[in-house]
Amino acid sequence: MRFKVSIIGRPNVGKSTLFNRLAGRKLALVDDTPGVTRDRRVHPAKLFDLRFDVIDTAGLEDAAASSLEGRMRAQTETAIDEADLVLFLIDARTGLMPDDRTFAEVVRRTGKPVVLVANKAETRGAQGGMLEGWELGLGEPIPISAEHGEGMPDLREAIIEAL
Ligand code: GDP
Ligand code: MG
């Protein structure tokens, strides 16, 4: 049976970019516009020999109307529920933000297998932000660049180990 992988994280860490890469879709489909309503998307994905369904939690950033934190939390919990494994993304360029800690707590409470992914690792100074990821208590941060396709073999290894 195919397993399901949900990509979780605060807005702008690169969830949709990673989704598109795993799903083999064009990077141009990433929507940068804040406030644009998009549904959560599920797509067959491939990472070398691994086949799974990937779930993007697009829409987390579209919550201007109601309580942002409440909506992010609800969507995140739904996506985690559906998943066999969670890819928890942080942005190595900016380092940890308060919302990262909120999401990490939600993920940890579910007890789902989780891989902590430090995206934008190709950027200047990303090493510091990546190492900050240890503070989340979700294990070793795996540095990747979703945009440039770097770190994919390590991501594959981490997924296999976490499953
Ligand atoms: P989301 O809100 O978490 O879905 O984030 P997006 O996938 O929409 O990406 C947010 C921004 O980060 C966009 O401008 C992307 O081009 C950029 N981005 C995503 N991945 C990377 C990466 O690996 N490196 C760099 N430098 N930028 C990235
Ligand atoms: Mg997105």
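Residues in the sequence shown are numbered from 1 upward in steps of one, following UniProt numbering. All residues carry an ideal CB built from backbone N, CA and C; glycine is no exception.
Taking the C-alpha atoms as reference points, what is the distance between residue i and residue j?
i    : j    : result
P98  : V115 : 19 Å
T123 : L85  : 27 Å
P153 : P11  : 25 Å
E132 : M1   : 35 Å
I142 : G70  : 28 Å
K4   : V42  : 9 Å
I90  : L163 : 20 Å
Closer than 7 Å by C-beta to residue i: which residues in its own chain qualify, once you throw out the five before and the five after it? Chain order, please.
i    : result
T57  : S6, I7, I8, K15, R40, Q75, T76, A79
G149 : R21
G139 : L116
M130 : A92, A118, A121, P141, P143
G134 : First, the residue type needs correcting, since residue 134 is Trp and not Gly in the sequence shown. Around W134: P141.
Here's a check: name, in chain order, each residue in its chain whose Cβ is nearer than 8 Å to the Cβ of residue i, leaving out the five neighbours to either side.
i    : result
V106 : R73, T76, E77, I80
Ignore the nearest five residues each way along the sequence and tell me which others in residue i's own chain have a CB closer than 6 Å to its CB.
i    : result
A45  : L22, A23, F52, V54
L136 : A104
Sorry if obvious, but does the Cβ on residue i come closer than 7 Å to a heavy atom of the ligand GDP?
i    : result
S16  : yes
A146 : yes
G151 : no
My guess is that residue i and residue j are in contact by the Cβ rule of under 8 Å, so how many angstroms apart are they, rounded?
i    : j   : result
K120 : R93 : 4 Å
Going by the C-beta, is residue i closer than 7 Å to any heavy atom of the ligand MG?
i   : result
D99 : no
D56 : yes
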